[in-house]
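Asker: Structure below; questions to follow.
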Amino acid sequence: MKKVFALIMVLALSLMLLVSCGGTEAPEPGKETTKAPEVTAVPGTEEPGEEPTEPGGEEPEPTSPGVPSGNLAAWEAYTAYSEQKSELLNQVMEAMGQNEDLGLEVLNLMGVAMIELMMLPAAVLGQGEEVAAVALGILGNQNVKYSENGNSYEVKWEDEEGSVYNFTSTYDPAKQAMSSEIFTEGEEDSRVLYDFTRTSYGFFAQVFTSDESGAFASVTQISVDAKGGVIGLSETDIQRTPLTGNESRDLPKSLTQWYEVVGTKFYALASDGTSYSYEFVPATD
Numbered sequence: 256m257k258k259v260f261a262l263i264m265v266l267a268l269s270l271m272l273l274v275s276c277g278g279t280e281a282p283e284p285g286k287e288t289t290k291a292p293e294v295t296a297v298p299g300t301e302e303p304g305e306e307p308t309e310p311g312g313e314e315p316e317p318t319s320p321g322v323p324s325g326n327l328a329a330w331e332a333y334t335a336y337s338e339q340k341s342e343l344l345n346q347v348m349e350a351m352g353q354n355e356d357l358g359l360e361v362l363n364l365m366g367v368a369m370i371e372l373m374m375l376p377a378a379v380l381g382q383g384e385e386v387a388a389v390a391l392g393i394l395g396n397q398n399v400k401y402s403e404n405g406n407s408y409e410v411k412w413e414d415e416e417g418s419v420y421n422f423t424s425t426y427d428p429a430k431q432a433m434s435s436e437i438f439t440e441g442e443e444d445s446r447v448l449y450d451f452t453r454t455s456y457g458f459f460a461q462v463f464t465s466d467e468s469g470a471f472a473s474v475t476q477i478s479v480d481a482k483g484g485v486i487g488l489s490e491t492d493i494q495r496t497p498l499t500g501n502e503s504r505d506l507p508k509s510l511t512q513w514y515e516v517v518g519t520k521f522y523a524l525a526s527d528g529t530s531y532s533y534e535f536v537p538a539t540d
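Listed below in structure tokens is the structure:
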């Protein structure tokens, strides 16, 4: 349960950072104003001795970012992924908060943080109904129902306003891969589909939301590695394909906007097509 409590605190902190980043004053870092419809890796992101990478191309195998080895339970795999993803999200928000031109751009990440709260049941899969009820109850939810059959799971709960949520998930322990679906009863066409898998460099995830017609409305791709990672967003040309574990670390850069952290360097293709590249100062504990 300590891991669950810690995960909730991390998610809450991410939401607080999203609210506060918009008004942060910062020095004027360098900015490129070149429109970039086709995105490749930004020159200069490579560390000494590394080769440049392009979306879908050959890339070196960095060390996995603290990913546990061996067979992991469903909740352990999700927690390992979520901790790394939350760290990347916080770093991206910190970097964006240090550039006044990106003050409103940070709001594009609000949906990413909110969906992570809906994924909280993944952090208790395999631990039984009692643990699920306690974890979801922290956020004011009630009437929690939990069931599992092998590596398939289902969790239902009711929020403080009476809305009933359904969460189903299938986990592949051999690949440390999970595919989940979330919807509200009475609004079955508006769903969230969330897939993640372990990769050679860390983790890769894709998140889809659908509108009232059942069509995909948005996609988010997230890759995390030892030095940071990439978050990509798009609302056009959305297609869902099963994850293999061989997804490129730079694949999110193929989307219409993206944000990347490499150590203390930040790169972005903003929603208006403007490219950014600058050093940022990470927050200290």
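If you read the sequence shown in the numbering used here, its first letter stands for residue 256, the second for the next number, and so on. Using N, Cα and C, we set each Cβ at its ideal position, and we do this for glycine too.
#1: Is it buried or exposed for N398, if we count other Cβ within 10 angstroms and need 16 for buried?
#2: Just verifying my parser: in three-state terms, what is the DSSP assignment at S435?
#3: Between E385 and N406, what straight-line distance do the alpha-carbon atoms span, to the nearest angstrom?
#4: What residue range does the beta strand (DSSP E) around A377 cover?
#5: Using DSSP's beta-bridge definition, name the partner residues of G469.
#6: Could you name the residues that DSSP lists as bridge partners for A523?
#7: Compute the distance between the beta-carbons of Y456 and V347, then report whether it is under 9 Å.
#8: How is the alpha helix (DSSP H) around N345 delimited, first residue to last?
#9: What is the DSSP secondary structure of A481, reduced to helix, strand or coil?
#10: To the nearest angstrom, report how far apart D414 and T454 are at their CA atoms.
#11: Please identify the residue among W412, A538, A368 whose C-alpha is closest to the C-alpha of G518.
#12: Spell out the partners DSSP gives A460 in its beta bridges.
#13: So the beta strand (DSSP E) E403 belongs to, where does it begin and stop?
#14: Express the C-alpha separation of E349 and G358 in angstroms, rounding to a whole number.
#15: State buried or exposed for P497, treating a residue as buried only when at least 16 other CB atoms are found within 10 Å of its CB.
#16: Are the CB atoms of E360 and A481 within a distance shorter than 9 Å?
#17: Compare the Cα-Cα distances from F484 to each of L391, Q382, T499, L344 and report the closest residue.
#18: How about V440 and N421: do their beta carbons lie closer than 9 Å?
#19: Please report how far the alpha carbon of V428 lies from the alpha carbon of G500, in whole angstroms.
#20: Assign A378 to buried or exposed, taking buried as 16 or more other Cβ atoms, counted over all protein chains shown, within 10 Å of its Cβ.
#21: Between the Cα of D527 and those of D505, S489, Q339, spot the shortest distance and give me the residue it belongs to.
Answerer: On the basis of the coordinates in this document:
#1: For the purposes of this step, residue 398 is taken as the residue at position 143 of the sequence shown. Flag for N398 reads exposed.
#2: Residue 435 sits at position 180 when you count from the first residue of the sequence shown. Strand.
#3: Residue numbering aside, residue 385 sits at position 130 when the sequence shown is read from its first letter. Residue numbering aside, residue 406 sits at position 151 when the sequence shown is read from its first letter. The straight-line gap from Cα to Cα measures roughly 18 Å.
#4: In the sequence shown, the residue the question calls residue 377 occupies position 122. It is not in any beta strand (DSSP E) - A377 carries neither H nor E in the DSSP assignment.
#5: One-based indexing of the sequence shown puts residue 469 at position 214. Beta-bridge pairing links G469 to no other residue.
#6: Reading the sequence shown from its first residue, position 268 is the one you call residue 523. Answer is Y514, Y531.
#7: Here residue 456 refers to the residue found at position 201 when the sequence shown is read from its first residue. Here residue 347 refers to the residue found at position 92 when the sequence shown is read from its first residue. Contact: no.
#8: Stepping through the sequence shown from its first residue, residue 345 is reached at position 90. Counting along the chain, the alpha helix (DSSP H) containing N345 begins and ends at 329-352.
#9: Along the sequence shown, read from residue 1 onward, the residue named residue 481 stands at position 226. A481 falls in the coil class under three-state DSSP.
#10: On the sequence shown, position 159 is the one that residue 414 refers to. On the sequence shown, position 199 is the one that residue 454 refers to. Looking at the two C-alpha atoms, the distance is approximately 35 Å.
#11: Start at 1 with the first residue of the sequence shown, and residue 518 comes out as number 263. G518 has its Cα closest to that of A538, out of W412, A538, A368.
#12: Counting from 1 along the sequence shown, the entry for residue 460 is found at position 205. F451, I477.
#13: Mapped onto the sequence shown, residue 403 falls at position 148. Note, E403: beta strand (DSSP E), 397-404.
#14: What you label residue 358 is simply residue 103 of the sequence shown in a count that begins at 1. What you label residue 349 is simply residue 94 of the sequence shown in a count that begins at 1. Answer to the nearest angstrom: the Cα atoms are 11 Å apart.
#15: Taking the first residue of the sequence shown as 1, we reach residue 497 at position 242. Flag for P497 reads exposed.
#16: For the purposes of this step, residue 481 is taken as residue 226 along the sequence shown, with counting starting at 1. For the purposes of this step, residue 360 is taken as residue 105 along the sequence shown, with counting starting at 1. Not closer than 9 Å, so no.
#17: Within the sequence shown, the letter at position 229 stands for residue 484. Here residue 484 is Gly; the residue named in the question, Phe, does not match the sequence. When only C-alpha atoms are compared, the closest one is L344.
#18: Within the sequence shown, residue 440 is the residue found at index 185, counting from 1. Within the sequence shown, residue 421 is the residue found at index 166, counting from 1. The question names Val, but residue 440 is Glu in the sequence shown. Cβ distance < 9 Å, so E440 and N421 count as in contact.
#19: Sequence index remark: in the sequence shown, residue 428 carries index 173 (1-based). Sequence index remark: in the sequence shown, residue 500 carries index 245 (1-based). The sequence given here has Pro at residue 428, not Val. Their Cα atoms are separated by approximately 13 Å.
#20: In the sequence shown, counting from the first residue as 1, residue 378 sits at position 123. It is buried - the Cβ of A378 has at least 16 other Cβ atoms within 10 Å.
#21: If you number the sequence shown from 1, residue 527 lands on position 272. The shortest C-alpha separation from D527 is found at S489.
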